[in-house]
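Colleague: For reference, the structure I am asking about is given below.
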Amino acid sequence: SPASIRTSAEIADGMFPIFMNPERFDLFAPHLEAGFTKADGKSLANYDICPFVPVSLDDNLEQARLPVKMNLALYIGGMGAKGKNFYNDYAKRLGYEAAAEAIQDAYLSGQREEAIAAVPDQLVDEVALVGSKDRIHARLQAWKEAAKQRHVDTILLGANSTEALRAVAEAVG
């Protein structure tokens with residue numbers, strides 16, 4: 463949430479974003495700057511941003527997206543009551559307001575399969591590394607660009623297999 467980002471920029475050495483889109487640093491920048499101004503000498507130069515990034519390797523793109531969709535549906539739909547779920551609020555800030563509402567409505571009414579189906583493919587593609595090895599390698603370019611700007615320091619990978627981790631390691635090694 464914006465308040466927690468501001469607070470972390472003021473008092474902490476970094477943050478661990480969840481569901482981060484490396485091309486949407488604009489969601490963090492004003493809140494980080496507000497926190498940095500309250501702390502002496504703090505900036506992106508001495509603050510680490512270490513997002514959690516799911517990796518799902520599968521040549522069948524739909525199958526690769528599925529575990530990420532399941533996780534996103536749980537967080538966006540089921541981690542809090544209506545109006546009290548900051549993951550849902552964050553999905554809205556990422557540009558998925560209608561989807562976030564649909565996911566939450568389905569999840570809270572016990573329709574988990576519908577909630578999973580309501581997670582947009584584009585959201586998955588923005589916040590995760592999914593698909594074939596070549597597709598994962600291509601998407602890593604956005605993360606590398608973010609790293610060059612100090613918008614990302616270390617990505618914390620969660621993978622569905624050792625091969626998925628190897629695919630990332632090959633691309634960054």
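With the first letter of the sequence shown counted as 1, position 50 gets the number 512 in my numbering; the numbers rise by one all the way through. By construction, the Cβ of each residue, glycine as well, lies at the ideal position given by its N, Cα and C atoms. Since we're looking at a predicted model, the values are computed, not measured.
So the candidates are M532, L556, Q584 and R601; which of them puts its Cα closest to the Cα of Y569?
Modeller: In the sequence shown, counting from the first residue as 1, residue 569 sits at position 107. Among M532, L556, Q584 and R601, the Cα nearest to that of Y569 belongs to M532.
Colleague: Which residue's Cα is closest to the Cα of G503: Y549, A474, L528 and Q525?
Modeller: Here residue 503 is taken as the residue at index 41 of the sequence shown, counted from 1. The candidate whose alpha carbon is nearest that of G503 is A474.
Colleague: Taking the alpha helix (DSSP H) that F498 belongs to, which residues open and close that run?
Modeller: For the purposes of this step, residue 498 is taken as the residue at position 36 of the sequence shown. Segment A491 to K500, the alpha helix (DSSP H) holding F498.
Colleague: In angstroms with no decimal places, state the Cα-to-Cα distance between Y558 and Q584.
Modeller: Reading the sequence shown from its first residue, position 96 is the one you call residue 558. Reading the sequence shown from its first residue, position 122 is the one you call residue 584. Those two C-alpha atoms are separated by around 10 Å.
Colleague: Can the beta-carbon of A543 be found closer than 8 Å to that of K554?
Modeller: Taking the first residue of the sequence shown as 1, we reach residue 543 at position 81. Taking the first residue of the sequence shown as 1, we reach residue 554 at position 92. Cβ atoms of A543 and K554: not closer than 8 Å.
Colleague: Flag this pair as yes or no: are the beta carbons of P513 and L618 separated by less than 8 Å?
Modeller: Counting from 1 along the sequence shown, the entry for residue 513 is found at position 51. Counting from 1 along the sequence shown, the entry for residue 618 is found at position 156. Yes. Within cutoff.
Colleague: In or out: D520 buried (at least 16 other Cβ within 10 Å) or exposed?
Modeller: As a first step, residue 520 must be located in the sequence shown, where it is residue number 58. D520 comes out buried.
Colleague: Count the other CB atoms within 10 Å of the CB of N547; is the residue buried (16 or more) or exposed (fewer)?
Modeller: As a working mapping, residue 547 is identified with position 85 in the sequence shown. Result: buried.
Colleague: Where are the alpha helix (DSSP H) runs, 4 residues long or more, that stay fully inside the stretch 557–620, in chain order?
Modeller: Entirely contained in the stretch 557–620, the alpha helix (DSSP H) runs reaching 4 residues are, in chain order, 559–570, 574–579, 583–589 and 595–610.
Colleague: From A471, S505 and V589, pick the residue whose C-alpha is nearest to that of Y552; which is it?
Modeller: Stepping through the sequence shown from its first residue, residue 552 is reached at position 90. Y552 has its Cα closest to that of V589, out of A471, S505 and V589.
Colleague: Considering only their Cβ atoms, is the gap separating P464 from H613 smaller than 8 Å?
Modeller: Numbered from its first residue, the sequence shown carries residue 613 at position 151. Numbered from its first residue, the sequence shown carries residue 464 at position 2. Not a contact, by the Cβ cut-off of 8 Å.
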